[in-house]
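One gets the numbering used here by counting positions in the sequence shown from 1 and adding 6 to each. Idealized CB from N, CA, C, for every residue including glycine. Structure, as structure tokens:
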Amino acid sequence: MDVSYHKGHARNLGRDMEYKRYGHAGRPVVVFPTSQGRFYQFEDSGGVGALAEFVDTGRIQLFTLDGIDSESFFNKHADPAHRIARH
């Protein structure tokens, strides 16, 4: 399986974000982590393996994204205005 790791600066967030791409072709499928999860969570929990046949045959291409909810919604120490601005 073709897998690539990417890290780039998100101007609107003022920070780097990470994601992985699985596959060389196919319909793009965007995978978000569960609450306070990371971009590698879907692979670690077996999701990528479960879809390997579809990825390997070029039917789909997975993009597993990072989340920032630990900096926004779940950041109980931040001011509510800051939390919603990060959301």
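Look at P34 here: in three-state DSSP terms it is strand. Straight-line measurement puts the Cα of P39 at about 6 Å from the Cα of Q47. Spatial neighbours of V9 in its own chain (CB-CB distance under 6 Å, excluding positions within 5 residues in sequence) are listed in chain order as Y28. Residue pairing by DSSP places Y25 opposite H12, L71 in a beta bridge. The shortest C-alpha to C-alpha distance from E49 to any of H30, A31, S41, F69 is the one to F69. Put simply, the backbone Cα of Y25 is about 6 Å away from that of D72.
Less than 7 Å separates the beta-carbon of G32 from that of I66. In chain order, Q67, F69 place their CB closer than 7 Å to the CB of P34, counting only its own chain and leaving out the 5 sequence neighbours on each side.
F45 sits buried, since 16 or more C-beta atoms from the chains shown fall within 10 Å of its C-beta.
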